[in-house]
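Some notes on the structure that comes next.
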Amino acid sequence: MKKYLLMAFLATLVFQYGCKEKVVSYADSGTKVQLKTGQALKVELSGNPSTGNDWRKITYDDQVIMEDGKRDYKLDDDKIGSGGMYQYHFKALAPGKTKLFMEYGPKYDDQKEALKIFEIEVLVVG
Numbered sequence: 341m342k343k344y345l346l347m348a349f350l351a352t353l354v355f356q357y358g359c360k361e362k363v364v365s366y367a368d369s370g371t372k373v374q375l376k377t378g379q380a381l382k383v384e385l386s387g388n389p390s391t392g393n394d395w396r397k398i399t400y401d402d403q404v405i406m407e408d409g410k411r412d413y414k415l416d417d418d419k420i421g422s423g424g425m426y427q428y429h430f431k432a433l434a435p436g437k438t439k440l441f442m443e444y445g446p447k448y449d450d451q452k453e454a455l456k457i458f459e460i461e462v463l464v465v466g
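Just so you know, we're using this note's numbering here: the sequence shown kicks off at 341 and counts up by one.
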């Protein structure tokens, strides 16, 4: 009996380790990311909403990944006008490939040129 409990415990550890959240940042733009079905992806991007800019035009194949909850924003400090870090949460749904594209620019005028572009290729495997 103890042998089976130990095996079950080890299998649980392997599963949890294998599905660990993958974290990417602006420095990873232009790279490829591989996820397992069900695995979480967190995208951390700097920004400053007090400038009127925001991460906008977020595109991806929603058959492969989906947003998982609302984005978070954490200030760098408590000074007025200071920037911070946006955190976007995604979940791998099914095997496939998609480009995750985001641009940073004026929040209410997406016709204006983007100030920053973030793009990664996401490959989800079974």
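From the three backbone atoms N, C-alpha and C, an ideal C-beta is built for every residue, glycine too.
Here the structure is a predicted model, which means the values were calculated and not measured.
Residue range of the beta strand (DSSP E) that includes residue i
{"i": "Val383", "result": "Ala380 to Gly387"}
{"i": "Val404", "result": "Per DSSP, Val404 belongs to no beta strand (DSSP E) and is neither H nor E."}
{"i": "Lys414", "result": "Asp412 to Leu415"}
Helix, strand or coil at residue i according to DSSP, with G and I counted as helix
{"i": "Ala454", "result": "coil"}
{"i": "Leu345", "result": "Confidence at Leu345 is low in this model, with a pLDDT of 43, below 50, so the placement of that residue is unreliable and no value is reported for it."}
{"i": "Ser422", "result": "coil"}
6 Å CB neighbourhood of residue i in its chain, flanking five on each side removed
{"i": "Gly421", "result": "Ser390"}
{"i": "Thr352", "result": "Its pLDDT being 42, under 50, Thr352 is placed unreliably in this model, and the value from its coordinates should be taken loosely. Nothing meets the Cβ criterion."}
{"i": "Val354", "result": "At Val354, the pLDDT of 42 sits below 50, so the modelled position is not reliable; the number obtained from the coordinates is stated separately. Within the same chain, Val354 has no close Cβ partners at all."}
DSSP bridge partner residues for residue i (one or two, in chain order)
{"i": "Lys376", "result": "Val465"}
{"i": "Ala432", "result": "Ile405"}
7 Å Cβ shell around residue i - same chain, five flanking residues per side excluded
{"i": "Gly423", "result": "Ser386, Gly387, Asn388 and Asp416"}
Top-ranked residue by Cα proximity to residue i, from the options
{"i": "Met425", "options": "Gly466, Ser365 and Asp408", "result": "Ser365"}
Sequence-distant residues of its chain with Cβ nearer than 8 Å to residue i (five each side left out)
{"i": "Phe441", "result": "Lys397, Ile398, Thr399, Tyr400, Ile457, Phe458 and Glu459"}
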